[in-house]
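In my numbering, the protein residues as written are 19 to 104. A short write-up of the structure that comes next.
Structure (structure tokens):
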């Protein structure tokens with residue numbers, strides 16, 4: 019059971035890295051249209067969309083990805099803490 023929880027925590031961490039890369043790709047023109055950018059868009063946008071609906075952009079700055087990564091971090095800590103109780 020510990021192995022499954024550690025694997026889940028690692029998957030959440032990899033997903034948060036994918037989110038960070040996807041966010042940085044928005045700073046470079048035309049990178050999101052590449053094959054990697056489209057792939058990351060398909061896996062990251064469904065998660066980011068609910069946060070963008072709740073938290074509107076402040077001018078040109080979109081802080082919803084920061085909140086989304088924060089929520090993923092909390093989820094990862096929750097998964098790891100489950101391993102301590104089992």
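Cβ coordinates follow ideal geometry from the N, Cα and C atoms, glycine included. Bear in mind that the values here come from a model prediction, so they are computed numbers and not experimental data.
(request) Check each candidate in 66, 22, 60, 20 and name the one with the smallest Cα separation from residue 90. (result) Reading the chain shown from its first residue, position 72 is the one you call residue 90. Considering only alpha carbons, the answer is 66.
(request) Could you work out which residue in 98, 79, 95 is closest to residue 42 when comparing CA atoms only? (result) Taking the chain shown and counting its residues from 1, one reaches residue 42 at position 24. The option with the nearest alpha carbon to residue 42 is 79.
(message) Need the endpoints of the alpha helix (DSSP H) that residue 48 sits in, please.
(response) As a position in the chain shown, residue 48 is number 30, starting the count at 1. From DSSP, residue 48 is part of no alpha helix (DSSP H); its letter is neither H nor E.
(request) Please report the residue range of the alpha helix (DSSP H) in which residue 68 lies. (result) Residue mapping note: residue 68 aligns to position 50 of the chain shown, counting from 1. That run of the alpha helix (DSSP H) goes 53-72.
(message) For a test of the three-state rule: what should DSSP assign to residue 97, helix, strand or coil?
(response) What you label residue 97 is simply residue 79 of the chain shown in a count that begins at 1. It is helical.
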